[in-house]
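Per this note's numbering, the very first residue in the sequence shown carries number 1; after that it's consecutive.
Virtual Cβ for every residue (Gly too), placed ideally from N, Cα, C.
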Amino acid sequence: MTDTSRIILITGAGIGIGQATAKAFATLGDHVVVTDVLETEGKATVAAIEAAGGSAEFAFLDVRSTAAVDALVADVEARHGRIDVIIANAGIAHKAPLDTLTDEKWELTFDIDLKGIFRVVRAAAPGMKARKSGAVVALSSIMGTSYGWDEHVHYSAAKAGVVGLVRGLAVELARDGIRVNGMAPGYIRTAQLLSEENSLGAAGAEKAGEFIPMGRIGEPEEIADVITFLSSHGARYMTGQVLVVDGGLLVGRY
Ligand SMILES: NC(=O)c1ccc[n+]([C@@H]2O[C@H](COP(=O)([O-])OP(=O)(O)OC[C@H]3O[C@@H](n4cnc5c(N)ncnc54)[C@H](O)[C@@H]3O)[C@@H](O)[C@H]2O)c1
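Right, dumping it as structure tokens:
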């Protein structure tokens, strides 16, 4: 880490898109606070970053806890002086046909996928406002921006909620120098997509590639690179937007 390294806080960074994003920021010379409920995977992400010459640390964080989020943000700010970028990535996508979709299942998904983003931004906003600088990228999904997803209506609803959250936060925080954007991935090769229980599974993911104009599902690194752009000086006049990165799926004719 150098004096000019940005401090990046990522939720759900032990595996998948969050992990790839942590590695992408570290490659740029930033210091990454890797957080997750998966302790082993989070620590392994930090070890991989350090082995490659980058700078990172692990902190256990369950985004369902306001107290834990507030404490972590305060701790990072106390030790590093600031948080420059938040990547609110943590999410679950549990399959639940409507007749099995209990209040508890609905609330769990909303607590993580939507309120979890709000909690982290609320905690970090005062420091970002004081410094007149900050960038946030929140994970939505094409299942929130454009598609309905059967047997996952709680997920679709929460991810659509992320679009509204991004817009509201972007407008409220713009004059404080804080930009808030969203990322809406298509089908990306992660544990979430490859889950036979909750999503397409391995065979379904490969089959989906046939319907994607680019002929394949995406890799986590292909989302991470756009997330680092959204967080960069290059995107300095961009706020309130949710970018779709899907290999052309939504604009395709199938
Ligand atoms: N993979 C895709 O095709 C795809 C598509 C669209 C959107 N997304 C979104 O991208 C984000 C990352 O997804 P992924 O595919 O890498 O999934 P993943 O399952 O591989 O990773 C999700 C991460 O979130 C963490 N997490 C879950 N509950 C948590 C909690 N309560 N507190 C903190 N962390 C928690 C998990 O431990 C894990 O590290 C999610 O928000 C997901 O909904 C993924």
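Annotation: F60 to R122 spans about 19 Å, alpha carbon to alpha carbon. If you draw a straight line from the Cα of R216 to the Cα of H31, it is about 32 Å long.
When the Cα atoms are used, A88 and D99 turn out to be separated by approximately 30 Å. Membership of G134 in the beta strand (DSSP E) is indicated by the continuous run G134 to L139.
Annotation for I212: G247 and L249 place their beta carbon closer than 6 Å to its own, counting only its chain and skipping 5 residues before and after. Spatial neighbours of T27 in its own chain (CB-CB distance under 8 Å, excluding positions within 5 residues in sequence) are listed in chain order as A52 and G54. With fewer than 16 other beta carbons inside 10 angstroms of its own, Y237 counts as exposed.
For V180, the uninterrupted beta strand (DSSP E) segment begins and ends at I178 to P185. Counted as a single uninterrupted DSSP element, the alpha helix (DSSP H) harbouring E77 occupies residues T66 to H80. For M214, the Cβ stays outside the 8 Å cut-off from all heavy atoms of ligand 1.
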